[in-house]
Amino acid sequence: MSRIRNLVSGVSSSYLALASNIVYTMGSIPVALHYLSKEEFGLWALISQLAGYLALIDLGMGSSAARILIDYKDDRDGGRYGSAVVTSGLVFITQGTLIGGFGCLLSPFVALLAQVSPQFSHLFGNLFAFQSILLGLGFVVRAVSTPAVAHQRYYVGNLALMVQLLVSFAVLWIGFSMHLKLYSMVLAGLLGFLCSATIHTIAVIKMGFLPSRGCWGKPDRRIFRELFLYGKDVFLLSLGWQLLNASQVVVITRVMGLDAAATWSVCTKIFTLAQQLVWRIYDMSVGAFTEMLVRGENDRLSKRFRETLVLTASLSIFVAATVALCNASFLSLWTHGRISWSPLNDMLLGVLMVVYSVNRCHGGLFGV
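Residues 22 to 389, numbered by this note's numbering, are exactly what the sequence shown covers, in order.
Structural data, given as structure tokens:
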């Protein structure tokens, strides 16, 4: 499949996945607010954001593995590609185990750090442990999903995400109706994850992205060093993005309480989804950019990057302005007036979206 076809299929399927995410968000939040108190909903928002910090154990290895596999994918049965798959797979399994273990061990201390009220501290500990285990399992699945990314078959991950969201929403609603409260979200995440893992595994095997029998190779210290050195730089970028995007709920909870955390989580939701709409263009181009670099097509890389940057910047301005103007009315309809905030916040978030989008392209090219 050509790069253009990969890009078109990747972008189009990513927009379908984004539409599914929007439907899931638009449906799940009103359902959750119907069955949960505002404080319980804020507790789940806090857990989701805090669990994101455990993902920093990734150390950039997710992006690094896909990048290194591209170096060797043109000779799939040469041994080096197989060694890269095995080495990165072992890294992901180790990381997933550490995330699940650390999350279970640290959950009581995290509740104290976030200053969760005593009435929710036990529930917080259980939910944080479960969420950490789910996050760890997601790392393990990277062992089979990364080859599809390296071959620019982004639609596999997008299809898996759509199925995962559909299953999660159905299980979430059933769980709420059975009075499982916040544990419904854990159950929904688990079953959705199982569906996603199954799709990734079947697709990678059927498409032949794994080495042939006898060509797998062994774990290689040199390849691990490549993964680590590249991942180290990606980790620093990821850490910066994590602090920019996943610190607000933690700070708000400590200073203003779970009620304010729920307000932030809901009022910024449409901006988060809109950012994904803009960022998909660059994200689906990364594989092609990397392949151009590996094959020495530098002039073409420069030209395609400029075109992608201009398109991303233009789209971000249009989308940010639209969302900033409509968010207040949307929130009024969506939450039936239960949650709102100042329109000035919408304007500031719109400006931030444009800055993030442009900066992200340059940072992404550095990562390539």
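Note that CB positions come from ideal geometry on N, CA and C, so glycine has one too. The structure displayed is predicted, hence computed values, not measured ones.
In terms of alpha-carbon separation, which member of the options lies closest to residue i?
{"i": "C216", "options": "L158, Q263, Q173, R242", "result": "L158"}
{"i": "L369", "options": "E247, L352, C288", "result": "C288"}
{"i": "V307", "options": "H172, K253, V177, S363", "result": "H172"}
{"i": "V32", "options": "L265, M305, I43, S128", "result": "M305"}
{"i": "L67", "options": "L54, R275, I78, V44", "result": "R275"}
{"i": "D254", "options": "S41, L77, V52", "result": "L77"}
{"i": "Y45", "options": "V29, G358, K290, L133", "result": "K290"}
{"i": "L182", "options": "S41, I114, Q116", "result": "S41"}
{"i": "F230", "options": "R243, V177, Y36", "result": "V177"}
{"i": "L119", "options": "R97, R24, S233, F160", "result": "F160"}
{"i": "S286", "options": "T329, S361, W237, Q297", "result": "S361"}
{"i": "L28", "options": "R325, L193, Q263", "result": "R325"}
{"i": "Q297", "options": "S35, S23, G358, R24", "result": "S35"}
{"i": "F292", "options": "L346, S353, C236", "result": "L346"}
{"i": "W355", "options": "E61, W237, R26, G48", "result": "G48"}
{"i": "L39", "options": "H221, G73, N179, G278", "result": "N179"}
{"i": "G261", "options": "A218, G385, L322", "result": "G385"}
{"i": "Y175", "options": "L373, R234, I220", "result": "I220"}
{"i": "G117", "options": "L133, Q152, G99, Q140", "result": "Q152"}
{"i": "V137", "options": "S189, G278, T222, V372", "result": "G278"}
{"i": "G371", "options": "L352, H383, V344", "result": "V344"}
{"i": "C382", "options": "S323, T284, S189, F351", "result": "S323"}
Residue i to residue j, Cα distance in whole Å?
{"i": "I195", "j": "G213", "result": "14 Å"}
{"i": "A191", "j": "R316", "result": "45 Å"}
{"i": "A150", "j": "H143", "result": "11 Å"}
{"i": "P240", "j": "G103", "result": "9 Å"}
{"i": "K59", "j": "I50", "result": "11 Å"}
{"i": "I273", "j": "L75", "result": "19 Å"}
{"i": "A281", "j": "G63", "result": "8 Å"}
{"i": "F310", "j": "F145", "result": "42 Å"}
{"i": "V106", "j": "P168", "result": "8 Å"}
{"i": "R327", "j": "A295", "result": "22 Å"}
{"i": "L156", "j": "V375", "result": "30 Å"}
{"i": "C125", "j": "N147", "result": "8 Å"}
{"i": "N348", "j": "I226", "result": "43 Å"}
{"i": "K202", "j": "Y56", "result": "7 Å"}
{"i": "N319", "j": "M313", "result": "7 Å"}
{"i": "N380", "j": "A341", "result": "15 Å"}
{"i": "M199", "j": "V207", "result": "14 Å"}
{"i": "L90", "j": "R243", "result": "14 Å"}
{"i": "Q263", "j": "F339", "result": "25 Å"}
{"i": "P364", "j": "Q269", "result": "18 Å"}
{"i": "R101", "j": "K94", "result": "9 Å"}
{"i": "S30", "j": "Q140", "result": "48 Å"}
{"i": "L193", "j": "M228", "result": "32 Å"}
{"i": "T108", "j": "T115", "result": "11 Å"}
{"i": "R205", "j": "G238", "result": "Going by the sequence as given, residue 205 is Ser instead of Arg. If you take the alpha carbons of S205 and G238, they lie about 42 Å apart."}
{"i": "G210", "j": "S166", "result": "18 Å"}
{"i": "P129", "j": "F123", "result": "11 Å"}
{"i": "L373", "j": "L352", "result": "20 Å"}
{"i": "F197", "j": "A53", "result": "8 Å"}
{"i": "L265", "j": "T284", "result": "18 Å"}
{"i": "R26", "j": "R321", "result": "17 Å"}
Can you round the beta-carbon distance between residue i and residue j to whole angstroms, since I take them to be within the 8 Å contact cut?
{"i": "V271", "j": "L71", "result": "7 Å"}
{"i": "L258", "j": "G388", "result": "6 Å"}
For residue i, which residues in the same chain have their Cβ closer than 6 Å to its Cβ, ignoring the five residues on either side in sequence?
{"i": "L80", "result": "G252, F256"}
{"i": "S378", "result": "V299, T333, S337"}
{"i": "I154", "result": "G121"}
{"i": "R24", "result": "A309"}
Which same chain residues end up closer than 8 Å to residue i when comparing Cβ atoms and leaving out the 5 residues on each side of it in sequence?
{"i": "V112", "result": "M82, A86, F245, L248"}
{"i": "I302", "result": "V32, T329, L332, T333, L336"}
{"i": "I43", "result": "L294"}
{"i": "G358", "result": "none"}
Can you find the residues in the same chain that come closer than 7 Å, C-beta to C-beta, to residue i, ignoring five residues on each side of it along the sequence?
{"i": "L131", "result": "Checking the sequence shown, residue 131 turns out to be Val, not Leu. So the list reads L71, F149, once near-sequence residues are dropped."}
{"i": "D92", "result": "V315"}
{"i": "R88", "result": "Y251, T311"}
{"i": "R97", "result": "P232"}
{"i": "G110", "result": "A164"}
{"i": "A224", "result": "A169, V177"}
{"i": "C236", "result": "D98, G100, G103"}
{"i": "A218", "result": "V162"}
{"i": "T222", "result": "V165"}
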